[in-house]
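*Asks:* I'd like to ask some things about the structure below.
In our numbering, the protein residues as written are 5 to 709.
Okay, here's the thing in C-alpha cells:
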C-alpha cells in the first residue's frame, strides 16, 4: 500500500473521530454544578521532549502514568506498565534479566540495541537489561510513540520511555511498603526524603529487597523461575538561585533463574500451504522444563551514577548531563536439553556505557522556542561464552569464544518551535549521529572488524489548535537504530521513515480526553535476529542479525481517559498495526523470497487495554479503592516465514485496597484468568519456547510518615 493511500485511509477514520469530538465540544451543555469544576482531570505536564510541556498541547502520541496510577495498578516494573500502552508489548526471553520490546511493529533483536530509548532523569541507558529493574520512587512515566531520533538519536527508532523519579523534598517524609504473594514471593521497599540544608540541599534514599521461589515449576515440581534481588538508590539535589545540581546513583544485585525453556511438540504430519513442517502446541506451556537436567542461574549486577547540572541565564538554560552505567552478568544453564549434561552454557557479559550531553534550551514562553546540543557516548561490551561438557569429570570446554565490541558515538541535535499564528505552530528538528565501532571475536578466522554507522534524523511537524480543547497535527520524521557486529555477521543501520497525523481533544468540560493517531512507516533494513546450526559443526549454533531490506507498517492508536464521577477514572487504549515484508535479501542464506508479503515477526496486529479505578469513602478518613484492568493482545509470529505463531491472549488484573490518610492495605491479582502462552521461541536444534508467568496473587501494605 502506498504512503498516500495509507494516510488517506487512516486519515478518514481519524477525521471521523475528530468530528465526533468536535461535536462533543460544541454541543450546548447545562451549567455545571459548583463542585463539578473540581472534578476536572488534572493537567498533565511531560518532559519527554527535553522541556516541560502540557500533554494535550504537544504534537506527539504519548501515554503518561502518574505515581498514583502506578501505585493503584500495583506496577512494580516496566513489564507491568508497558502492557497498558497501545501498540506496545514486552516479551520475556531466555534470561530472567532480559526482556524485548515491540512498539508499532518495530521489535528488539537479540544482539542489537533496543528500538526504544530509555531515559531515567534525563540520562539514556544503553541496555535491554534496565527494562527489568523494579520501579521505585517514581513521579511519572512517559511513553512517546513514533521515531524520536531527532532528540534522542540512535535507538529511538520506535519511540522513547522517559522515567522521572521523585525529587528530594524540603520536608521530611518516609514510606515503607511490603507485599507477600504466591510462591513465597515477598518484597519490602522503602524511602526517606528531606532537607540537608533547608531550602537549598535535599536528599532522597530508597531501596527494596525481593524474593520469590518462582511462579513456574517443571514437571518434577521444582521451582525454575526463582529470583532474589536487592537495590539501593540515592539522589542529592542542590537548588541555588540560578544553578540546580542533581546527583543520582543506584546499585542493584540480583540472583535469578535462567533459560526457562520447554521443548515444543513436533508433528511431521502437519504442513502449511507451502509444504513446510510446522510446530504445534506453541502455547501449551503448563509444564515446562522436563528435558532440562540443569536449573539455570543468572546473576546480574547493575551500577549507575549520573550528574545533571542546570544553569539559568536570562532566557536560556544550559544543561550538562553526565552518566555512567555498568552491567555484569553471569549465566549458567542447560543447552542441549537432554537427560545428560553434555552441553552446559557458561556465559559472562559485561557492558559499560559513558554518556555526556550538553544542551542549550530557550525559555518556553516565547513565540520562538529552541533546543540545541551535543551528545557523546562511549560503550564497551565483552561477551565470554564457554560451552562445557559437564558429563565428564573434568568438565572440559568443548567450544567457546570471547567477543569484545567498542563503540564511540557523537551527535549534534537541535529543535525549534515557531508559532506562525496563535493557532498554527511549525516544528523542525534535526540530529546527526556518528557511531564508530570495532569488534574482536576469537571464534572467527578473521577476528578483527570495524565499521562506521552514521545517520541524519530529521523531523517536521505542523500543529493547529482549532479551539482551546482541540488540536491536530501532522508529522514527518526519521529514526534509526545503529548497525553493529553479531557473533557471525556485520549488520547495517535500520531506518524508519514515519508519516503521522493525530488529534488531541479535551471534552465534557475537562472530564474526558480523546487522543488518536494514524501512521505509516517505511521500515528499511529491519534488524532480525536468527539462530542456525553451524554448517561446519551441527553440534554448535550460530547467532546473528540479518537485515530485511523493506517492510511496510501502518497503524492506528486511540487513547481515551475519563473522570465521569468523583473518584471514578476510566481509560481505554487501542492499538492496531499491520506489517508486511516488502523485500528480502535473496543473497542471504538466512532469508527466503517466500517471506515477501508475510507479517513481520514479533508484531501483534492489535492491542487493547481497558482500566477502571474507583475510590470512595466508607468511613471517616477511610476510602475503599477498586482497580481492574482487561487486556487483549493479538497473536503474532516468531519467524520470518510465518510458520510459528502464538495465539490471541486475554489478561485480567485486579486490586482492592482500604486506604487511610497515611496507610493502605490491599489484595491484588495478576493474570487472573491464568492465560498461558510462549513469549519466545527458538526452532534450532531442540525447538524451545519460553513460558509467560501464570496467575499470581498476594497482599500488600503501605505506610507513609
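Beta carbons are placed, not taken as given, at the ideal position from N, Cα and C, and that holds for glycine.
#1: Give every residue of the same chain whose Cβ lies closer than 6 Å to the Cβ of residue 94, excluding the five residues on either side of it in the sequence, and list them in chain order.
#2: Answer with buried or exposed for residue 49, where buried requires no fewer than 16 other C-beta atoms within 10 angstroms of its C-beta.
#3: Whose C-beta lies closer than 7 Å to the C-beta of residue 219 among residues of the same chain, with five residues either side of it excluded?
#4: Can you tell me whether residue 157 is buried or exposed, with buried defined as 16 or more other CB within 10 angstroms of its CB?
#5: Select from 406, 657, 322, 162 the residue whose C-alpha is nearest the C-alpha of residue 367.
#6: What are the boundary residues of the beta strand (DSSP E) that includes residue 413?
#7: Does the region 468–475 touch the region 432–449, meaning 3 or more C-beta pairs lie closer than 8 Å?
#8: Rounded to whole angstroms, what's the CA-CA distance from residue 153 to residue 163? Just pull it up for me.
#9: Roughly how many whole angstroms lie between the Cα atoms of residue 52 and residue 385?
#10: In chain order, what residues of the same chain lie with their CB nearer than 8 Å to the CB of residue 204, ignoring the 5 residues before and after it?
#11: Measuring CB atoms only, is the region 230–239 touching the region 255–269, in the sense that at least three cross pairs come out at less than 8 Å?
#12: For residue 655, which residues does DSSP report across the bridge?
#13: Can residue 495 and residue 549 be called in contact, C-beta distance under 8 Å?
#14: For residue 335 and residue 349, which I take to be in contact (beta-carbon distance under 8 Å), what is that distance rounded to the nearest angstrom?
#15: Could you give the first and the last residue of the continuous beta strand (DSSP E) run that contains residue 177?
#16: Ignore the nearest five residues each way along the sequence and tell me which others in residue 207's own chain have a CB closer than 6 Å to its CB.
#17: Using a Cβ-Cβ cutoff of less than 6 Å, which residues in the same chain neighbour residue 371 once the five nearest sequence positions on both sides are dropped?
#18: Kindly indicate the opening and closing residues of the alpha helix (DSSP H) around residue 162.
#19: Excluding the 5 residues flanking residue 425 on each side, which residues of the same chain have their C-beta closer than 7 Å to its C-beta?
#20: Output the distance between the C-alpha atoms of residue 125 and residue 556, rounded to the nearest integer angstrom.
#21: For the beta strand (DSSP E) containing residue 73, list its first residue and its last residue.
#22: Let me check understanding here. Comparing Cα to Cα, which of 575, 265, 595 lies closest to residue 691?
#23: For the candidate residues 63, 46, 47, whose alpha-carbon lies nearest to that of residue 520?
#24: Any idea if residue 678 is buried or exposed, counting beta-carbon neighbours within 10 angstroms, 16 or more meaning buried?
#25: Can you tell me which of the three DSSP states residue 86 falls into?
#26: Give me, in chain order, the residues of the same chain whose beta-carbon lies closer than 6 Å to that of residue 392; leave out the 5 immediate sequence neighbours on both sides.
#27: Please check the pair residue 646 and residue 708, which I expect to be a contact at CB under 8 Å, by giving their CB distance rounded to whole angstroms.
#28: Sort out for me which residues DSSP pairs residue 462 with in a bridge.
#29: Give the single residue among 73, 59, 66, 60 whose Cα lies nearest to the Cα of residue 615.
#30: Which ranges does the beta strand (DSSP E) cover as unbroken runs of at least 3 residues, wholly within the region 663–704, from first to last along the chain?
#31: So what's residue 134 in DSSP terms, helix, strand or just coil?
*Replies:* On the basis of the data shown:
#1: 83, 86, 103, 105
#2: exposed
#3: 186, 187, 229, 697, 698, 700
#4: buried
#5: 322
#6: It spans 401–423 - the beta strand (DSSP E) in which residue 413 sits, taken as one unbroken run.
#7: no
#8: 8 Å
#9: 28 Å
#10: 242, 243, 244
#11: With the rule of 3 Cβ pairs closer than 8 Å, the region 230–239 counts as touching the region 255–269.
#12: 635
#13: yes
#14: 7 Å
#15: 177–185
#16: 172, 200, 240
#17: 423
#18: Note, residue 162: premise wrong, no alpha helix (DSSP H); not H, not E.
#19: Correct list: empty, nothing qualifies.
#20: 34 Å
#21: That residue, residue 73, is in no beta strand (DSSP E); its alpha helix (DSSP H) goes 71–76.
#22: 265
#23: 63
#24: exposed
#25: helix
#26: 348, 350, 399, 401
#27: Contact between residue 646 and residue 708 fails: their C-beta atoms lie close to 51 Å from each other, not under 8 Å.
#28: 434
#29: For residue 615, the nearest C-alpha among the options comes from 73.
#30: 667–674, 682–686, 692–695
#31: helix
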